[in-house]
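Take a look at the structure set out below.
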Amino acid sequence: MSKIKLLDPNTISKIAAGEVIERPSSIVKELIENSIDANANQITIEIQDSGISLIRVTDNGEGMSKDDLELAFERHSTSKLRTIEDLNSCFTMGFRGEALSSIASVSKTEVLSRTKEDLAGIKAILIDGEVVEFEPVGAPIGTTMIIKDLFYNLPVRKKFLKSKNVEENYIMNAITKLAIGNPDISFKYIKDNKVVFTTMGSGNVINTVFQLLGKNNAKGFKQISIETDSFKLQGFISDNTLYRSNRNHQYLYVNKRYVVDYRISKIVENQYSSLIPINRYPLFILFISIDPSQIDVNIHPTKQEIKFISDTLVYENLGKAIKKELSESFNIPKVDFSTHKKEKKDNIPLIWDIEASKDRDTLVAESEVSKETIVFKDFSNLDFSNASVKEDLGEETNYPDVEKTVKKFPSLRPVGIVFKTYILAEDSLNQS
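Numbering-wise (my numbering), the sequence shown opens with residue 940 and increments by one.
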């Protein structure tokens, strides 16, 4: 009897979902990308209980007809391509036809959608990947996806999710990446019935960065642009005063798709090697536009990894452009290494302008102490006849010689000032 058996469709779907749906943020990402591909310019994301209880994504895109909705949750069903050659001209976020099928297999899913050609919308309810309800309803143009009880049928997967705060941070990061990459779309994020942020959808990247990352980050970016025969790059790089302890704020988009390329990250970081502290990372937002036939996006189910056919050309041009921009524009401090300045301030002589006298052997120069300064020059007029020296003075007192009171001061030659506080000098023995 044969040991090899065909898996049933339900098992196949759950296994495939394990590659695509890792956590609630994976669902948020896939649903937003579907809305972007549907040409929506307004997307609202709502979650409750870190996405476990509820994820709702609403858009004003093209919507789905009844026929499209019936096929949308079948595995490998997609409107993005027909043959493998279509990948050479594919600009859409999705193309694998796995996301909706995977989501429906691990949650209780509800869909409301309507196209502008239809008078009424369509509502579909799926449980464990199977359609249990399908009926016409009133609905606005666009699509609303409602995901409930995520991983209710995969308790082990649910058990290994992180804490509520961690999962919410993953969701926030996923929305932020897509919002920055699509500044012409207005995003609204609601968490547990509270609005977290709303972007304007003005098309201005820096305005979106200001709303998502804050004023200080938005002010620290410098625009960069490269155009070659094979690709075009536009975006923003941080100045040498703006950096982080991780790479969380490095955003790279290829044909508007957010991707991770550590070689590009490293190339950018190398240009900052002498400008920012060690173990710190610059921020950047880079958009690369390239012929789809020159990249391979079918590397990973999440589609966040790509391969450039002419990667060396891209990497070299990127490094040169960033190096040039940094050297010309940013606040690289200038150090003045001059040690002798002729200028004098407030008529105060500088230490190096003082001529040290080599014959300065005593604190007071001999030329300044003349013999005329002796008080008792002539003793002839003094009368000591009625005074007893012994009685007045008692025991003989030895007074120090005047010359001995003058302490010897070594000959010092000033050679500089340390910390604007201490005078550095050397004596006649050339010892500092």
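Cβ coordinates follow ideal geometry from the N, Cα and C atoms, glycine included.
Any idea if residue 1038 is buried or exposed, counting beta-carbon neighbours within 10 angstroms, 16 or more meaning buried?
-> The residue in question, residue 1038, is buried, as its Cβ has 16 or more Cβ neighbours within 10 Å.
List the endpoints of the continuous beta strand (DSSP E) containing residue 998.
-> 993 to 998
Integer-rounded CB distance, given that residue 1069 should sit under 8 angstroms from residue 1161 = Actually they are not in contact, since the Cβ atoms of residue 1161 and residue 1069 sit about 53 angstroms apart, beyond 8 angstroms.
Under three-state DSSP, which class holds residue 1241?
-> coil
Hey, how far is the Cα of residue 965 from the Cα of residue 1211?
-> So the alpha carbons of these two residues sit roughly 33 angstroms apart.
Residue 976 versus 1124, 986, 1189, residue with shortest Cα-Cα distance = Considering only 1124, 986, 1189, the residue with the shortest C-alpha distance to residue 976 is 1124.
CB residue 952 to CB residue 1014, shorter than 8 angstroms?
-> Their beta carbons are under 8 angstroms apart, which means residue 952 touches residue 1014 by this criterion.
Buried versus exposed, by CB contacts within 10 Å (16 or more), residue 1358 = exposed
Reduced DSSP secondary structure (H/G/I, E/B, other) of residue 1200 | coil
Excluding the 5 residues preceding and the 5 following residue 1256 in the sequence, name in chain order all residues of the same chain whose CB lies nearer than 7 angstroms to its CB.
-> 1165, 1167
Take residue 1323 and list the residues in its own chain whose beta-carbon comes closer than 7 angstroms to its own, dropping the five residues that flank it on each side.
-> At residue 1323 the pLDDT is 47, less than 50, meaning the model places this residue with poor confidence and gives no usable figure here.
Have a look at residue 1352 and residue 1361 and give me their C-alpha separation to the nearest angstrom.
-> 14 angstroms
Under 6 angstroms Cβ to Cβ from residue 995, same chain only, skipping five residues before and after it: list those, please.
-> 985, 1085
Around the Cβ of residue 1202, are there at least 16 other Cβ atoms within 10 angstroms (buried) or fewer (exposed)?
-> That one is exposed.
Indicate whether the contact test is met: 3 or more Cβ pairs, each with one atom in the stretch 1180 to 1188 and one in the stretch 1212 to 1219, closer than 8 angstroms.
-> yes
For residue 1314, name the three-state secondary structure that DSSP assigns.
-> Interpretation of residue 1314 is limited by its pLDDT of 48, a score under 50 that renders its predicted location unreliable; no figure is taken from the coordinates.
Whose C-beta lies closer than 6 angstroms to the C-beta of residue 1157 among residues of the same chain, with five residues either side of it excluded?
-> Here residue 1157 has 1145, 1148, 1149 as same chain residues with Cβ atoms under 6 angstroms from its own Cβ, once five neighbours each way along the sequence are excluded.
Can you name, in chain order, every residue of its own chain whose Cβ lies under 6 angstroms from the Cβ of residue 974, other than the five neighbours on each side?
-> Excluding its 5 nearest sequence neighbours in each direction, residue 974 has C-beta neighbours in its own chain below 6 angstroms: 982, 998, 1000, listed in chain order.
Look at the alpha carbon of residue 946 and the alpha carbon of residue 990, and state the distance between them as a whole number of angstroms.
-> 30 angstroms
Below 8 angstroms between beta carbons: does that hold for residue 1107 and residue 1130?
-> yes
So residue 1118 packs on residue 1151, CB below 8 angstroms; how close in whole Å?
-> 6 angstroms
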